[in-house]
Amino acid sequence: MTTDRARILQKNVLFEGWSRIVEYVFHYRDSKGRESDRSWEVCERPEAASVLVYDRDLGRFVLVRQFRVPVFAMGGRDGFLLEAAAGLIDDGETPQEAAIREAREETGYAVGALIPISAMISAPGILTEVVHCFAAVADSSMRLEDGGGLADEHEDIEIVTLTLDEAMAMVTSGEISDAKTIIMLQWAAMNRPVFGL
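Here it is as structure tokens:
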């Protein structure tokens, strides 16, 4: 990787597990023309997909609540986060296919047509992860399963349905603090006709 301002000199894998922690040593020329060699630790993560499901029969968005160890480790929180259905994109899968799969696994809805919202970089100071965000309009006939995640992945997911006004009030209060979910709910608030609101 090279640009006119930066060049990777070395890449050292510090840890390899569910995520990979890598030290990048790079040559950098700043905006004033000063040059230096620097290093930065990066958490390399696969791309992910997320889908904000709206059930038009209920008039409610379908979110999931699950335990997130990093949130719990922050202290002062119980670790349970309210968010849109999401997961990693499997090898050979498109972001759209992953979003449809995750919606079914986590919410029980077999969504079809997806509305692209954004591809967001979740934490650019530390993560390589890109989350492809979509919305899907569903109805009660599309809820084919209970949802709740996959038992073999030890997922323990609670389904929570909220009106847009309820969800936005929870964004304002901080009860919904997941970045991708906030972005998608704000998009929904700016695009109410898509959901018939």
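Each step along the sequence shown adds one to the number in full-length UniProt numbering, with nothing skipped, and position 159 is 159.
Note that beta-carbon positions come from the ideal geometry of N, C-alpha and C, so glycine has one too.
Computed from a prediction, not measured in an experiment: that's the story for all the values here.
According to the neighbour-count rule (16 or more other Cβ atoms, all chains shown, within 10 Å of its Cβ), is residue i buried or exposed?
i	result
E16	exposed
V69	exposed
L14	exposed
M1	exposed
R143	buried
R86	The residue asked about is misnamed: residue 86 is Ala in this sequence, not Arg. Buried, because 16 or more other Cβ atoms sit within 10 Å of the Cβ of A86.
M74	exposed
R104	buried
P124	exposed
E175	exposed
T172	exposed
I89	buried
G108	buried
Along the chain, where does the alpha helix (DSSP H) containing residue i start, and where does it finish?
i	result
I182	179-190
residue 198	With the chain covering 1 to 197 only, the question about residue 198 has no answer from this structure.
I100	95-107
Quick check on the DSSP output: the beta strand (DSSP E) that includes residue i runs from which residue to which?
i	result
F134	130-138
I117	115-121
V13	6-16
So residue i and residue j are supposed to be a Cβ contact under 8 angstroms. How far apart are they, rounded?
i	j	result
E44	V22	6 angstroms
V131	A6	V131 to A6, Cβ: 24 angstroms. No contact.
V111	V51	7 angstroms
I8	Y24	6 angstroms
I115	V194	6 angstroms
R34	F26	About 14 angstroms separates the two Cβ atoms, so there is no contact after all.
S122	K180	7 angstroms
R65	E158	4 angstroms
A189	M168	6 angstroms
D178	F67	Not confirmed; about 13 angstroms, so no contact.
Within 8 angstroms: the Cβ of residue i and any heavy atom of the ligand SAH?
i	result
I183	Looking for the ligand SAH in the displayed structure turns up nothing, as the structure carries no ligands at all.
Taking contact to mean at least 3 C-beta pairs separated by less than 8 angstroms, is the segment 173-187 in contact with the segment 47-67? yes
In chain order, each alpha helix (DSSP H) run of at least 4 residues that lies wholly inside the segment 28-92: 69-73
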